[in-house]
Each structure stands twice: as structure tokens, then as C-alpha cells.
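Protein chains in written order, with this note's numbering: chain A, 9 to 276; chain B, 271 to 797.
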Amino acid sequence: MNTSKPTNYFYSFHPASLLFYYILVIFAIFKCDYNYNLIYAFISLSICSVYLKGIMAYIKSLLYYMVLILATGIFNVVFNHSGENVFLYVNDIPLTFDSLFYGFYTGVLVSCLLLWFTTLNESMDTGKINYLIGTRLKATGMILSLTFGFTEKFRYKLDIIRHTLYTQGIRTLNLKYGATVLSLLINVMLEDSSITADSMIARGYTSKGRKSYKKYDFYIKDVCLLILASICFTLFLLFDGFIILLILIPVIHNIYKEFLWKYYLSKI
Amino acid sequence: MEILSVKNLTFRYDNSENPILNNISFTVNKGEFVVVCGKSGCGKTTLLRLIKRSLSPSGRLEGDIFLEVSDLKIGYVFQNPESQLIMDNVFDELIFGCENIGMNTSLIKLKLGELCAYLGIEDLLSKKCTALSGGEKQLINLAGVLMMEPEIIILDEPFSMLDPIASDTFLSILTRLHRELGITVILCEHTLDNVLIEASKILYFTDNAAVNNLLTFYNSDDFIEYISNENPSYKYGLPPLARLGAYGAKKEIVKFKHYPLTVAEWKHLILNTKKEELTDFLHTFLPRENHILSSNEAVINLKNVCFRYEKNSNDIINHLSLSIQKGSLYAIIGGNGAGKTTLLSLLTGYRKPYSGKIKVLGTVGYLPQNPAYAFTDDNVLEDLKLICKNNHISYDIIDKTINLYPVFEELKDYLNFNPLDLSGGQMQLMALLKILLLSPDVLILDEPTKGLDGFHKDKLSKLFSLLRQNGTTIVMVSHDLNFVSENADRCGMMFMGTLSVSGSCNQVLSSNHFYTTALYRILKGLN
Numbered sequence: 009m010n011t012s013k014p015t016n017y018f019y020s021f022h023p024a025s026l027l028f029y030y031i032l033v034i035f036a037i038f039k040c041d042y043n044y045n046l047i048y049a050f051i052s053l054s055i056c057s058v059y060l061k062g063i064m065a066y067i068k069s070l071l072y073y074m075v076l077i078l079a080t081g082i083f084n085v086v087f088n089h090s091g092e093n094v095f096l097y098v099n100d101i102p103l104t105f106d107s108l109f110y111g112f113y114t115g116v117l118v119s120c121l122l123l124w125f126t127t128l129n130e131s132m133d134t135g136k137i138n139y140l141i142g143t144r145l146k147a148t149g150m151i152l153s154l155t156f157g158f159t160e161k162f163r164y165k166l167d168i169i170r171h172t173l174y175t176q177g178i179r180t181l182n183l184k185y186g187a188t189v190l191s192l193l194i195n196v197m198l199e200d201s202s203i204t205a206d207s208m209i210a211r212g213y214t215s216k217g218r219k220s221y222k223k224y225d226f227y228i229k230d231v232c233l234l235i236l237a238s239i240c241f242t243l244f245l246l247f248d249g250f251i252i253l254l255i256l257i258p259v260i261h262n263i264y265k266e267f268l269w270k271y272y273l274s275k276i
Numbered sequence: 271m272e273i274l275s276v277k278n279l280t281f282r283y284d285n286s287e288n289p290i291l292n293n294i295s296f297t298v299n300k301g302e303f304v305v306v307c308g309k310s311g312c313g314k315t316t317l318l319r320l321i322k323r324s325l326s327p328s329g330r331l332e333g334d335i336f337l338e339v340s341d342l343k344i345g346y347v348f349q350n351p352e353s354q355l356i357m358d359n360v361f362d363e364l365i366f367g368c369e370n371i372g373m374n375t376s377l378i379k380l381k382l383g384e385l386c387a388y389l390g391i392e393d394l395l396s397k398k399c400t401a402l403s404g405g406e407k408q409l410i411n412l413a414g415v416l417m418m419e420p421e422i423i424i425l426d427e428p429f430s431m432l433d434p435i436a437s438d439t440f441l442s443i444l445t446r447l448h449r450e451l452g453i454t455v456i457l458c459e460h461t462l463d464n465v466l467i468e469a470s471k472i473l474y475f476t477d478n479a480a481v482n483n484l485l486t487f488y489n490s491d492d493f494i495e496y497i498s499n500e501n502p503s504y505k506y507g508l509p510p511l512a513r514l515g516a517y518g519a520k521k522e523i524v525k526f527k528h529y530p531l532t533v534a535e536w537k538h539l540i541l542n543t544k545k546e547e548l549t550d551f552l553h554t555f556l557p558r559e560n561h562i563l564s565s566n567e568a569v570i571n572l573k574n575v576c577f578r579y580e581k582n583s584n585d586i587i588n589h590l591s592l593s594i595q596k597g598s599l600y601a602i603i604g605g606n607g608a609g610k611t612t613l614l615s616l617l618t619g620y621r622k623p624y625s626g627k628i629k630v631l632g633t634v635g636y637l638p639q640n641p642a643y644a645f646t647d648d649n650v651l652e653d654l655k656l657i658c659k660n661n662h663i664s665y666d667i668i669d670k671t672i673n674l675y676p677v678f679e680e681l682k683d684y685l686n687f688n689p690l691d692l693s694g695g696q697m698q699l700m701a702l703l704k705i706l707l708l709s710p711d712v713l714i715l716d717e718p719t720k721g722l723d724g725f726h727k728d729k730l731s732k733l734f735s736l737l738r739q740n741g742t743t744i745v746m747v748s749h750d751l752n753f754v755s756e757n758a759d760r761c762g763m764m765f766m767g768t769l770s771v772s773g774s775c776n777q778v779l780s781s782n783h784f785y786t787t788a789l790y791r792i793l794k795g796l797n
């Protein structure tokens, strides 16, 4: 079975146009006002997710989304008793279909947001985010980049600490154990950070006139994406259903590029 | 032409009255390869940081440091390859310095393309820094410094965390930069193998803490002569081939104009002198088989052990079988990423194999690569008491253990220190003391000689002998093949999750071509 993922050509767009597109998508999701558009958004985002990450990864996350939708529905019924359509009384407290529906709706909305993050991650990596932020807010961009690097280091060092404590007879998972691990972790990470800071200074971080390297060029295709996304968003505001087109732009672009590649190959 | 001149330099840290550098003077000419060496804590790093002004430590400075170049033209490579990486991917890491000094994009692009082709690191550009091996990380650190076109490169123990092959690769690149581009190199290092050959000047901090304890040597011969005759306590800091030459010359077995420091020079010497006599002499330096007799009782038994971190990942340990006898010292050698540290975590019981059997008789003590991880308190004594308390042992064991092993004598003065304030060697010994309080039957050590000077390596060696005489079994992972060959009685080489070869050190190291000590390389083909 071929498990390799298809090439994500959409990744090659300029980070600014990608950010603009994804902001429009998230606006559109929030604009789905208790109507079918949210279902359309969920389905379209699911198609995007399946195309970019594969069916197996999607099925795994779908189970999680189902639990989430169910849980928000139940919670809403239990804690929110508004609505006209009562289906049960418990100790004279009404449980309503309206509340259940709104709960489900919130669950689908949160699932849509999670799916949005999944598709965003496939096209926007930390480098692109840092590029966008770093060109204007240099210190913030640097903090973000350092934070991304720290996550891996944290995980690695945590494992060494737990291993060492295990051999010293400190194994019981309680609050004291957690405090010991955390204190050790902070100690070694601070020690590490001082070297990182020295390394930054040694390479002139404190000098004036820092310039960001322009990694990405802005091409005509980026302008096209901006125009197309804006048109789709405007159409969505005017007519129901156009959210599908807006969300499926990456998939449509990837399929078009795939056909184009096959066409070029056939000409060789 | 002098590029750096230090005159009557004295430096005291803010919290200390005693100067760490006391009235030292030296000069460095443009294009020189300077090696700085001496015992841990003698002030090497302080000196290097004072030269790179932006990294100057806080304290009182007297005397003068004259530099012909600006601070930004001095590159600095630190000891730990991982901690000094700033960005999360290689590309950003390399351009970081150029961005800081406001270089424009087209110039950065030009420099990057040129440098990547020169160092052969194009394949690494798109990688995440965490995905690199130790050697690659250190190479990227050097490349990041080179992007800023430095005139002086200062390196503070850059090899201490690399395996022998990665160290050789890194040194060959450094040598190339020095020879082809004429960059001035100031290198501080404990392991002087291969480094002495390149040195045009050696700055050595003597043990004497008196005024001007920095000696300057203009060639390796004078340095080796001085250490062998005047300062034998540092002799373990010398490369084994230099020690061999010094010993042979003293006994009048070998004669030479210059100390032979490479395998090729020794082979040439052997072929042009009394071959048999010299070969016999070299053979006496080979490790003796089972020099501390271990019993036949196996305390560690592994049968077809398989381990992987995740269900869908590859096996890190793959059908590994091993038996280690009581009282023996078993060394695990091999390149980075071969699965050595994972194997240790299986031996300590921290991780469980998904198939196969592991049987370890008795209690296990473990020392991680970085001994700082072994301490849970800010005060050493409190930390030692804490481990006693956690394991229901009387506090008397602390004094008893210190008195039992003479190598711990020097630690008595540091019991009230913060563990992180100790030098590398002292911290390693202190961490070992802490583990020995639990009287482990099996001691598992991950890179115990990493970053240690020759003096502390010698102490560690003596401690291991004593422990083994008391019946403790030691398993250690090490890149230090000379230490392995001198101390272990059996060793195994890890490759692709299993022991590709296992046996006595003599068997393993003599059968290896590349991953072996210089002495075995010399003797290869001469028998």
C-alpha cells in the first residue's frame, strides 16, 4: 500500500498571502451563524485534512472530534436549560433539544477550528510564522523561534531527569516528585539558556541595525491567491455554500498542480 | 604581525579575592594555531571570554588586552554543541549572525551558498537543529561563526561532547580553515590527540597558582618534554602517542628528532629502526586481558532484547544478547545514534523491552552524561543527605564512602557548594560519590570521561579499579577509546541497535580499523 502523502504545492505560497487566506477562512468559520454553512465548513475542512494528512490520520482525529461534539452537547444540556423544546424533566429541571443542538453546534465549531489548525500547520511552519512576525516585531519573532526550539529540548531533558531520579529511588508519581522534576528541569534549562544567550551575544545579537533575511519572494501567484480568496469570501457573505469553495482552494490548487505535473511529464 | 597581545593580565571574579588569572602575558600572531590547556578550573575559559569582550565575565580586571580586530570579527564556539544553537532550523541558525550585523539578503545568500559548498553542508540546510547528530551540530555552530567572516576563532573544548570520528572530522575542517584561509585559531582542549600536531603555540596553565602561571611553548616537543619531566601530574593530558614517545625516549628504546605524534610517523620510525624491539615495546602498552580478574558469575544477562520508542518506529535495540561478569568493566563503544544510551536505560530498568529478557542481579546505580542531572538540591551535602533519606540509609555512609575511596578526598572542601559551581571533574566525582552511597552492585555510566581533564581521568581510573576489587560491576558507554583500552577488560561495539562485535578490548580494538586507538593502528600490519 502506498502510504506517501501527496505533495502540498499550496505550501509554496508567500507566508503573507497564506496568512491572509487562513485568516479569511477562520473569519468565515466564525461567520457561520447557526446554519448549514458550518456543516459545509466541517466537510470541506475534512476533505482538506484527508488530502493533506491522509485518511488514517483523519479517522483518528475524527473519533476525537465525535467525542468532543457529544461531550459539548451533553454538557450544554446539563448546564443550560433554555429553549422551548423540552424532552425530559430531571428533578423539575427541563432538558431541551435547543440546548442539545447549540451544544452540538459549539462542538462542531471547535472541531472546525481544530481542523483549521491541522490544515494551517501543513502550509505554515514555524519558519514562516517567525518570518512574518520577525520582520516587524524582531524580539517577538526571536522569542517564538526560541520557544519552538525549547519544546524539543524540554522533552529530551525531562526524560534524562526522570531516568536519573528512577535510579536514585525517586519513583513515586506524586506532587513532591513533580516538584523535584520541575525544579531540576528549570535548573538545567536555565543553565542551558545562559549558554544560548552567550551564543547570541557572541554572534552580535546586541548590535544595532538588525535586518531580517528575505526568505520568500512575492510572485503573481500570491496576488492571484489574495484575489481569489477575497472573491470567495465575498461570495460566501452574499450566498450560502460558497464557504466550500473558499476552504477547498488548497485542494483545488494541489489537484491542478498535480495534473499540470503529469501533463509536463507526458510532454518529455 | 601580532593580532592579540595580553600584558600583565590579572582577573578576579566578583565573589572571590583570589585571582583566577594572575599577571599573565602572551601574544598571538595573525594566522597562528594556538592551543590553550591546563587542569579544570585553571582559568582557561575565563581567559577566552576576556578575549571576546562581549562575553567578558563580571569581575575586576587589571592589565591590558590589545586586539587588532573588532569584537564581531572574533568567532566563539562553545563546548556544548546543543545549548549554543539558537534557532530551531539550520538555515536560520547560519544566517543569524549576518542578520544581526544588518547584512542585506543578497550578500547573505552569496555567503551562505559559498560556505555550504566549502563545508559540504548543503544537505543539512533544510533540517531541524534537533535532528542533527552531535558532530553536525558542532559543525553548524562553526559554520554560523564563519558566516560572519571572523579573523580569530576561539573554541572552548569543542570536541569534548563528540565521538572520535566526529572529532576528527571537525578538527580536519578547522585545520583546513586555518591553512587555507589563514584564520587565527585559539583552541582550548583537554584531549590533545591530533591537536598538538597543528599547534604553532601552546599556552599551558601550570598547577602553580602563583604569579604568571601561564607558560608559552613554541612547539609540541618542548611542551611534551616539560610535562614529562617537570609536571607529571598532567601527563594524562598528553596524547597517548606523546606519552609513549616520552617514555620510550627516557628508557632509550626510541630515538627521534621530533616527537612522533601521528600513526604514520610511528610506523615510519618502526620501519627505520629496530622493528622487533620497538614493536615489543609498543605491545607492552596494550591492555592486559582481564587485568582485574572478574568472577564467572554473570550479573547482567540480556537475551534477544528488542526495543523501540514508538509502535511505528524502527527498533533502536535489535535482538541484542549480552552477558557481563561480576567485577568486570564492560565498555560500550560506537557512533552517535547507535542506541548506546537507550541500552543503558534498559539495563537500569527505566525502559522495558517489548521482546527478549533482561536480568540484572543486585542494585543498580546510574550516572547520566551530564552529572548536573544527578543533583536535586542546591547544596551538595543536603543533596547527599536527601538520597540517604529517600533510601533509608544512615547519614554516616557519606563520611564512610569518602574515606573508603581516596579519590574523593578532594571533595571534602566542596560539600557545602552548589553542585553547579563545581568544575567538570569535581562534579563528576561528586555525582559518583552520591551514587555510591547506595552501594550499587552494578554501576552504569554514560560517558563518564566527557569533558574531563587528564588529571581527573586518572582519578576516575583509580576509582574504577577500587570499585571492581570490591566486586562492583561497571558498564560504561564511552567515546574515549584510550580510556576504554586502558581501563575496560571487555567491550562491545554498537551498530544498528546491536553489538556488532563484543569481546576483550584487545580483540575488539585490534580488529577495528577506524574505531580504535592510535596504538592499535600503529601495530596493525606490523605483526
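The C-beta atom is built at its ideal place from N, Cα and C for all residues, glycine as well.
Q.
I want to see whether chain A comes within less than 9 Å of LEU342 of chain B, judged by CB atoms only; does it?
A. With respect to chain A, the C-beta atom of LEU342 of chain B has a partner C-beta closer than 9 Å.
Q: For ASN10 of chain A, I'd like the list of residues in its chain whose CB is within less than 6 Å of its CB, leaving aside the five on either flank, ordered along the chain.
A: Per-residue confidence for ASN10 of chain A stands at a pLDDT of 45, beneath the threshold of 50, marking its modelled position as unreliable; the derived number appears in the next sentence. Same-chain partners within the cutoff: there are none.
Q. When we look at the beta-carbon of TYR643 of chain B and count the other beta-carbons within 10 Å, is it buried (16 or more) or exposed?
A. When all chains shown are included, TYR643 of chain B counts as buried.
**Q.** Entirely enclosed alpha helix (DSSP H) segments - the region 446-498 of chain B, minimum 4 residues
**A.** The region 446-498 of chain B contains these whole alpha helix (DSSP H) runs: 465-468.
**Q.** Near the ligand PLP: CYS658 of chain B beta-carbon under 8 Å from a heavy atom
**A.** The ligand PLP is absent from the structure shown, which contains no ligands of any kind.
Q. Considering only the beta carbon of each residue, do THR104 of chain A and GLY115 of chain A sit closer than 9 Å?
A. Contact annotation: THR104 of chain A and GLY115 of chain A have beta-carbon atoms that are not nearer than 9 Å.
Q: Select from the region 137-153 of chain A all residues with a C-beta closer than 8 Å to any C-beta belonging to chain B, and list them in chain order.
A: Residues of the region 137-153 of chain A whose Cβ lies closer than 8 Å to any Cβ of chain B, in chain order: ASN138 and SER153.
Q: Please report how far the alpha carbon of LEU779 of chain B lies from the alpha carbon of LEU769 of chain B, in whole angstroms.
A: So the alpha carbons of these two residues sit roughly 14 Å apart.
Q: Quick one: residues in its chain with C-beta nearer than 8 Å to the C-beta of ASP106 of chain A, no 5 flanking neighbours on either side, listed in chain order?
A: Within the same chain, and ignoring the five residues on either side of ASP106 of chain A in sequence, the residues whose Cβ sits closer than 8 Å to its Cβ are SER90, GLY91, GLU92 and ASN93.
Q.
My parser needs the alpha helix (DSSP H) runs of 4 or more residues fully inside the region 143-211 of chain A; what are they?
A. Counting only runs of at least 4 residues, the region 143-211 of chain A fully encloses the following alpha helix (DSSP H) elements, listed from N- to C-terminal order: 146-175 and 183-210.
Q | Proximity below 9 Å, CB of GLU459 of chain B to CB of PHE429 of chain B | A | Cβ distance < 9 Å, so GLU459 of chain B and PHE429 of chain B count as in contact.
Q: Residues of the region 176-203 of chain A with a CB closer than 7 Å to any CB of chain B: list them in chain order, please.
A: When CB distances to chain B are screened at a threshold of 7 Å, the residues of the region 176-203 of chain A falling below it are GLN176, GLY177, ILE178, THR188, LEU192, VAL196, GLU199, ASP200 and ILE203, in chain order.
Q: Consider the Cβ of SER107 of chain A: report whether some Cβ of chain B lies at a distance smaller than 9 Å.
A: Chain B, which has no Cβ nearer than 9 Å to the Cβ of SER107 of chain A, makes this no.
(Q) I need the straight-line Cα distance from LEU192 of chain A to THR134 of chain A, nearest angstrom please. (A) Note on geometry: alpha-carbon atoms of LEU192 of chain A and THR134 of chain A lie some 28 Å from one another.
(Q) Considering Cα atoms alone, identify which of B:GLY605, B:GLY609 and B:ASN640 is closest to VAL406 of chain B. (A) For the sequence presented, residue 406 of chain B should be read as Glu rather than Val. Nearest option by C-alpha distance: B:GLY605.
Q. In or out: TRP269 of chain A buried (at least 16 other Cβ within 10 Å) or exposed?
A. Burial call: exposed.
Q: Please list the segments of the beta strand (DSSP E) lying wholly inside the region 699-738 of chain B, counting only runs of 3 or more residues, in order along the chain.
A: If one requires a minimum length of 3 residues, the beta strand (DSSP E) runs lying completely within the region 699-738 of chain B are 712-716, in chain order.
Q. What in chain A is Cβ-close to ALA642 of chain B, meaning under 8 Å?
A. Using a Cβ-Cβ cut-off of 8 Å, ALA642 of chain B is close to ASN195, VAL196 and GLU199 of chain A, given in chain order.
Q) Which whole-angstrom value is the C-beta distance of ILE587 of chain B and THR611 of chain B, which I expect to be below 8 Å? A) About 11 Å separates the two Cβ atoms, so there is no contact after all.
Q: Please list the partners that LYS61 of chain A has in chain B, where partner means a Cβ-to-Cβ separation under 9 Å.
A: Under the 9 Å cutoff, chain B gives no residues; its nearest Cβ is about 15 Å from LYS61 of chain A.
Q) At which residues does the alpha helix (DSSP H) containing VAL116 of chain A begin and terminate? A) Unbroken alpha helix (DSSP H) run through VAL116 of chain A: 105-131.
**Q.** Whole-angstrom distance between SER54 of chain A and THR15 of chain A, CA atom to CA atom
**A.** Each residue's CA atom was taken as its position, placing THR15 of chain A and SER54 of chain A some 18 Å apart.
Q. Who are the near neighbours of GLU302 of chain B in its chain, counting only those whose CB is closer than 7 Å to its CB and skipping five residues on each side?
A. So the list reads THR454, SER470 and LYS471, once near-sequence residues are dropped.
Q: Using the DSSP secondary-structure output, state which residues sit across from THR743 of chain B in a beta bridge.
A: In DSSP, THR743 of chain B forms a bridge with B:VAL712.
Q. When the cut-off is 9 Å and only beta carbons count, does GLU130 of chain A lie next to chain B?
A. At a cut-off of 9 Å between C-beta atoms, GLU130 of chain A does not count as an interface residue with respect to chain B.
Q) Using the C-alpha atoms, what's the distance from GLY607 of chain B back to SER403 of chain B? A) As the crow flies, the alpha-carbon of SER403 of chain B is around 8 Å from that of GLY607 of chain B.
Q | Contact with chain B by ASN10 of chain A, beta-carbon distance below 9 Å | A | The predicted position of ASN10 of chain A is uncertain, since its pLDDT is 45 and thus under 50; a value taken from the coordinates is nonetheless stated next. Interface residue (Cβ-Cβ distance to chain B less than 9 Å): ASN10 of chain A is not classified as such.
(Q) So the candidates are A:ASN43, A:ASP41 and A:VAL118; which of them puts its Cα closest to the Cα of TYR73 of chain A? (A) For TYR73 of chain A, the nearest C-alpha among the options comes from A:VAL118.
**Q.** Bridge partner(s) assigned by DSSP for GLY762 of chain B
**A.** DSSP links GLY762 of chain B through a beta bridge to B:ILE602 and B:SER772.
Q) Interface residues of chain B around PHE226 of chain A at Cβ under 7 Å? A) Result: empty, since nearest Cβ-Cβ is about 13 Å, beyond 7 Å.
Q) Of all the residues that make up the region 291-324 of chain B, which are near chain A by a beta-carbon distance shorter than 8 Å? A) If you check each beta-carbon in the region 291-324 of chain B against every beta-carbon of chain A, the ones closer than 8 Å belong to LYS322 and SER324.
(Q) Does ASP248 of chain A come out as helix, strand or coil in the three-state DSSP assignment? (A) DSSP places ASP248 of chain A in coil when its eight states are reduced to three.
Q.
Quick check on DSSP: helix, strand or coil for ALA568 of chain B?
A. For ALA568 of chain B, the secondary structure class from DSSP, reduced to helix, strand or coil, is strand.
Q. Would you say LEU245 of chain A reaches chain B, if we count a Cβ-Cβ gap shorter than 9 Å as a contact?
A. No, no contact with chain B.
Q.
Give me the chain A residues within the contact set of ASP711 of chain B, using Cβ-Cβ distance strictly less than 9 Å, ordered along the chain.
A. Under the 9 Å cutoff, chain A gives no residues; its nearest Cβ is about 13 Å from ASP711 of chain B.
Q) Using CA coordinates, which residue listed in B:SER275, B:LEU681, B:ILE410 and B:TYR675 is at the minimum distance from GLU363 of chain B? A) Ranking the options by Cα distance to GLU363 of chain B, first place goes to B:ILE410.
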